[in-house]
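Peer 1:
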Amino acid sequence: MTTLPDHIPPEDILNILVASDVHLGYAEKDACRGEDTYKTFEEVLRIAQERNVDLILLGGDLFHDSKPTQQCIHRCISLIRKYCMGDRPVAIQFLSDQEKNFKHCSHPFVNYEDPNLNISIPVFSIHGNHDDPVGPGSVSSLDLLSASGMVNYFGKWTDLTRVEISPLLMQKGVTRLALYGLSHLKDERLARLFGDHRVTVLRPRENQEEWCSVFVLHQNRVDRGPKSYIAEEMLPAFLDLVIWGHEHECKITPDWNDQYKFYVYQPGSTVATSLCDGEAADKHVAILSIYKRHFRITPVRLKTVRPFVLDTIVLADCRIDFSTEKPSDEVQKYVTEHIETLIDRATYISGTLNLSGRFTVFCSLFTPS
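In this text, residue positions in the sequence shown follow the numbering used here: the first is 29, and each later residue adds one.
1. Would you say Met178 and Asn139 are within 9 angstroms of each other, going by their C-beta atoms?
2. Is Phe336 closer than 9 angstroms to Val389 when the C-beta atoms are compared?
3. Figure out for me which residue from Tyr291, Gln236, Asp310 and His135 has the closest Cα to the Cα of Leu316.
4. Give the straight-line distance between the Cα atoms of Tyr181 and Ser153, rounded to the nearest whole angstrom.
5. Figure out for me which residue from Leu230, Gln287, His312 and Phe323 has the closest Cα to the Cα of Val299.
6. Would Ala175 pass as a contact of Ala219 if the rule is Cβ separation under 9 angstroms?
7. Leaving out the 5 sequence neighbours to the left and right, which residues in its chain are closer than 7 angstroms to Val81 when beta-carbon positions are compared?
8. In this structure, what does DSSP give as the bridge partners for Ile402?
9. Name the residue from Pro327, Thr395, Arg386 and Ile371 whose alpha carbon lies nearest to the alpha carbon of Ser356.
10. Are Val363 and Cys391 touching if we call contact CB-CB under 9 angstroms?
11. Given 8 angstroms as the limit, is there contact between the region 242-256 and the region 207-217, that is, 3 or more CB pairs closer than that?
12. Since I believe Ser241 is in contact with Ile206 (beta carbons under 8 angstroms), could you give me their beta-carbon distance rounded to a whole number of angstroms?
13. Which class does Leu90 belong to by DSSP, given the choice of helix, strand or coil?
14. Under 8 angstroms: do the region 260-280 and the region 317-328 share three or more Cβ pairs, one atom per stretch?
15. Counting C-beta neighbours from all protein chains within 10 Å, is the total for Ala47 16 or more, i.e. buried, or is it exposed?
16. Report the residue ranges of all alpha helix (DSSP H) runs contained in full by the region 125-186; include only those spanning at least 4 residues, in chain order.
17. Just tell me which of His35, Asp171 and Leu52 has its CA closest to the CA of Phe130.
18. With DSSP collapsed to three states, give me the class of His212.
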């Protein structure tokens, strides 16, 4: 990953907090886990405020459901108002045609230029597969946030025969950012459109090499079968950085695509919504600092995320005496001791994060056939 040169004036560095797959409202009716997503989303916004970032960029699935509860929407709006509104001036100039960038919105312009709002940290977001548009008019929960002035919703596309992606052009000092966004489409359909050359990614008309090009999308990255994912090779080669939402495993070190010469950063989710290895990794957000076409990604570990300890027991590989009168008792004893060890580990992690014993433990048991 490129690093920033020394002694850069701060007014020339564009700082972005990057997060994805917040899944607000996940398990909100659960007596133990109901507050988890809200606590972590508040931590994300607090980090943005404390780090004095210029904007927040979300990679889809802000909400867990396409029709979130009224409580969920209320909590979301309240948190954004608390942390992202205020008197601090926004240092970003918006240069592209806003009516084109936000043509799907009822108010087609960035919220921090609205004289009726007092935005201190603008939030930009695409939608994911969980909070995608539904019903008459194809309205999503992000459309509601956009209409209320809380979020700048971009990358929405409803024409299923072709896709045209126009960048959001921003500038801070000497740094120019071309931000591309594509909200979730079905992987099979999008892969077919790429294969048929029906996806057009536009570039700035002038001084194209002076723009740092960042692309955010929300699709399968892992190969899950023919045309059921988006290969990195489908994306345009002029990009500098791809921010890949949807995949929940947090990979704090960006991957380098040697063929197309761009980096791919996978922020992962801020909450575990499934019982798999990828969810057990530590959760992070990142501070993306851009100077001209140089950038640095600084991961920030989230401290409110419920620790998740995952393990597997394969009885065939365990030292258990099956020749006893009651081998099932030996198995139960072994499994109980193993799970107690996992609980001790989770308790320790929870204690180091001051989470008062909040954790999740999951253990799979495989028996001989």
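The beta carbon of each residue, even a glycine, is placed where N, CA and C say it ideally should be.
Peer 2: Concretely, from the data shown:
1. Yes, they are a contact pair.
2. For Val389 and Phe336, yes; Cβs fall inside 9 angstroms.
3. Ranking Tyr291, Gln236, Asp310 and His135 by Cα distance to Leu316 puts Tyr291 first.
4. Those two C-alpha atoms are separated by around 5 angstroms.
5. Of Leu230, Gln287, His312 and Phe323, the residue nearest in Cα terms is His312.
6. Cβ atoms of Ala175 and Ala219: not closer than 9 angstroms.
7. If we look at Val81 and ignore the five residues flanking it on each side, its Cβ neighbours are Asn43, Ile44, Leu45, Ile149 and Ile315.
8. No answer is possible for residue 402: the residues shown for the chain start at 29 and end at 397.
9. Considering only alpha carbons, the answer is Thr395.
10. Contact: yes.
11. Touching, yes, given that three or more Cβ pairs across the two stretches are closer than 8 angstroms.
12. Looking at the sequence shown, residue 206 is not Ile but Ala. Yes, Ala206 and Ser241 are in contact; Cβ-Cβ is about 5 angstroms, under 8 angstroms.
13. Leu90: coil per DSSP, three-state reduction.
14. Output reads yes: the region 317-328 touches the region 260-280.
15. Burial call: buried.
16. Correct list: 126-129 and 169-175.
17. Out of His35, Asp171 and Leu52, Asp171 has the C-alpha closest to the C-alpha of Phe130.
18. In the three-state reduction of the DSSP assignment, His212 falls in the coil class.
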